[in-house]
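Report on one structure; see the data block that follows.
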Amino acid sequence: MKNRAFTLAIAAILVSVTSPAAFGAQTEKMDSYLAKGALLTKWPKERMPISVYISPGNSVPGFKDSFKQDAKISFAQWEAASQGKIHFAFADDPNTAMIRLNWTNDRTKLTPRQDEIPAGEARCIVTEVGIDSCVITVLTVAPMPGEKFNDNMLHWVLLHEIGHALGLTHSTEAGDIMFINFSDAALIRPPMLSTRDKTTLEKLYSDAVKLDFSQKGIFDEAAKLKGVSVTHDVENDTAVDAVDAHNFDKAIAIYEKLMVERPNMKLYRDNYIGTLNKAGNEAIDNQQYDTGCGYLEKAYRFEPGDVATEANLGRANLYRADHIAQNGQYAESEPYYKRALEVLPKQRADWIAQAANNYAYALMQLSRRDDARRVAATYWTEIHQTYPTPE
Ligand SMILES: [Zn+2]
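All letters in the sequence shown, in the order written, are residues 824 to 1214 by the numbering used here.
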């Protein structure tokens, strides 16, 4: 799977849960299967109720109206099992819903893990404070052509995927909803959560289970595990594809919309800044200075203090100024040298030195000797570091 976050740090991960390998799960005790030493996550208390959007499946082959009711019952079963810790609220707006349930008859839409044949999947964005949002996709047809399929089985899949969307991993016991496979028995009667399913949910949502993402590298570790990818939902995927295709304006427009809808998503903010920086750098490398500086100034205004943006914006202005100065337009180059020196972070002493040096040179050409000396003196440390004078 493609890496879909291209920021410097992993800001959020999408945990796509369809196999036990995804978490390296170990069972703890007989009465529950809360994974030990795995990436534990859950919905924060403050996010209750969890808004749920159930897509109309009417246009999907195999979909029956009863599926919608099965879905509502499935959410209610987990809510009841949570002893008041989890609340769902059905919502009409897919864009703001925290859980989106989609239907498909297209088996290729699901990602198989190892030898499994998936009947559904839950993809969640997990941040340092817990689960942010999930997209559940459920097949409206049998996982394999010609296999038996009925409402009971669909109900089982719904319960299982909602379990994942609540942060549950797989159980190793066949009687549990969170067991990795369903048997023919699932066809016979409507599925029920097992005692272990309920106990595990209760444990996960008890105050005793704290999410400790401060542990160094936990996101990196999780991302390395099979079945876990650094990715996001459809809109973000579209934006990342647009960036890959160098269609930066499209990606920028998508992120600007997403950030209005969900202002707390760090992933969007990070990818937005990342996109503006990429767009800016590429334009500068193509000598489109106006365009490049425009993108980078936007990133700079959006998140002042971001060192990478400061460096890129400084470099952009430095190159722009050099380009103008090389044509002998020394006076015209001045505002860009000034801007470069204003924004370059101290970490880029080399670029500061280059900007100061070339600015001073331009001032000399303009017979502004005192100004040139002042610039050289101000940035003497950087200049000296970068262009050591022979002893
Ligand atoms: Zn599963």
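Note that CB positions come from ideal geometry on N, CA and C, so glycine has one too.
So is the beta-carbon of residue i under 7 Å away from any non-hydrogen atom of ligand 1?
| i | result |
| --- | --- |
| residue 1069 | no |
| residue 987 | yes |
| residue 1003 | yes |
| residue 983 | yes |
| residue 978 | no |
| residue 993 | yes |
I need the straight-line Cα distance from residue i to residue j, nearest angstrom please.
| i | j | result |
| --- | --- | --- |
| residue 1196 | residue 1205 | 15 Å |
| residue 1207 | residue 1161 | 19 Å |
| residue 1144 | residue 1166 | 14 Å |
| residue 1146 | residue 1183 | 15 Å |
| residue 1164 | residue 1094 | 26 Å |
| residue 1193 | residue 1211 | 22 Å |
| residue 924 | residue 1020 | 21 Å |
| residue 850 | residue 960 | Note that residue 850 scores 33 on pLDDT, short of 50, meaning its location in the model is unreliable; the coordinates nonetheless yield the value given after this. Straight-line Cα distance between these residues: approximately 26 Å. |
| residue 848 | residue 857 | Since pLDDT at residue 848 reaches only 33, below the 50 mark, its modelled position is unreliable, and the value read off the structure follows with that caveat. The alpha-carbon atoms of residue 848 and residue 857 are separated by roughly 8 Å. |
| residue 967 | residue 984 | 18 Å |
| residue 991 | residue 1000 | 11 Å |
| residue 867 | residue 1026 | 14 Å |
| residue 1099 | residue 1186 | 32 Å |
| residue 1052 | residue 1097 | Annotation note: pLDDT 32 at residue 1052 (below 50); position unreliable, coordinate value reported separately. Their backbone Cα atoms lie some 19 Å apart in a straight line. |
| residue 1151 | residue 1158 | 15 Å |
| residue 1073 | residue 855 | 47 Å |
| residue 1077 | residue 1017 | 42 Å |
| residue 1089 | residue 884 | 37 Å |
| residue 927 | residue 1022 | 31 Å |
| residue 909 | residue 982 | 15 Å |
| residue 1083 | residue 897 | 31 Å |
| residue 1171 | residue 921 | 41 Å |
| residue 1137 | residue 1071 | 21 Å |
| residue 1224 | residue 987 | This structure cannot speak to residue 1224, because the chain is shown only from 824 to 1214. |
| residue 1055 | residue 907 | At residue 1055, the pLDDT of 36 sits below 50, so the modelled position is not reliable; the number obtained from the coordinates is stated separately. Answer to the nearest angstrom: the Cα atoms are 29 Å apart. |
Along the chain, where does the alpha helix (DSSP H) that runs through residue i open and close?
| i | result |
| --- | --- |
| residue 1123 | 1112 to 1125 |
| residue 1192 | 1192 to 1201 |
| residue 1071 | 1071 to 1084 |
| residue 1174 | 1172 to 1188 |
| residue 1144 | 1130 to 1149 |
| residue 1030 | Careful: residue 1030 lies outside any alpha helix (DSSP H) and carries neither H nor E. |
| residue 1103 | 1089 to 1108 |
| residue 1156 | 1153 to 1166 |
| residue 973 | First-last for residue 973: undefined, no H or E at that position. |
So residue i is in the beta strand (DSSP E); what residue range does that whole segment cover?
| i | result |
| --- | --- |
| residue 923 | 922 to 927 |
| residue 962 | 953 to 962 |
Could you please give me the residues that DSSP links to residue i through a beta bridge?
| i | result |
| --- | --- |
| residue 886 | Residue 886 pairs with nothing; no bridge assigned. |
| residue 912 | 874 |
| residue 943 | 961 |
| residue 994 | 1002 |
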